[in-house]
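Enquirer: Got a structure here, written out as structure tokens. Questions coming.
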Amino acid sequence: MKTFVAALLLALIIAVSLSPSVEGRVVPVLGGGRRCPQQCIQLWDPVCGTDGSRYSNSCFLGIAMCLDPSGSLRRAPDHVCGLDGALM
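Read in order, the letters of the sequence shown are residues -24 to -1, 1 to 64 in mature numbering (1 follows the signal peptide of the UniProt record, and there is no 0).
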């Protein structure tokens, strides 16, 4: 029984060490041939996009920028989506 548990634990450690990190996971975009990140860390550090949207953090904005077919989405100043404290 101890050998089985040890082998299972070793297999789990190897599987975790060989899996790509969250930042390394990508998803292909149809048509464009680009590969975009698929997941981000759930950290609240909001940023604004030039589309007027508020993104949870720069990683999520990066995914949106990658998936934007026009390629025009960029990070915008905080006042664009009210992150500077001003009323919109």
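The beta-carbon is built from N, C-alpha and C at its ideal position, and this holds for glycine as well.
These numbers were taken from a predicted model, which means no experiment stands behind them.
Mapping DSSP to helix, strand and coil, what is Gly58?
Expert: Looking up residue 58 in the sequence shown gives position 82. Looking at Gly58 - three-state DSSP - the assignment turns out to be coil, as it is neither helix nor strand.
Enquirer: Under the assumption that Cys57 contacts Cys35 (Cβ atoms under 8 Å), give the Cβ distance between them as a whole number of angstroms.
Expert: Start at 1 with the first residue of the sequence shown, and residue 57 comes out as number 81. Start at 1 with the first residue of the sequence shown, and residue 35 comes out as number 59. Rounded, the Cβ-Cβ distance is 17 Å, inconsistent with contact.
Enquirer: Provide the residue(s) that pair with Pro53 in DSSP beta bridges, ordered along the chain.
Expert: Translated into the one-based positions of the sequence shown, residue 53 becomes position 77. Beta-bridge pairing links Pro53 to no other residue.
Enquirer: If you compare alpha carbons, which of Thr(-22), Arg50, Pro22 is closest to Asn33?
Expert: Numbered from 1 along the sequence shown, position 57 holds the residue referred to as residue 33. Comparing Cα positions, the closest option is Pro22.
Enquirer: Just to confirm, is the Cβ distance from Cys12 to Cys42 under 8 Å?
Expert: Residue mapping note: residue 12 aligns to position 36 of the sequence shown, counting from 1. Residue mapping note: residue 42 aligns to position 66 of the sequence shown, counting from 1. The answer is yes: Cβ separation under 8 Å.
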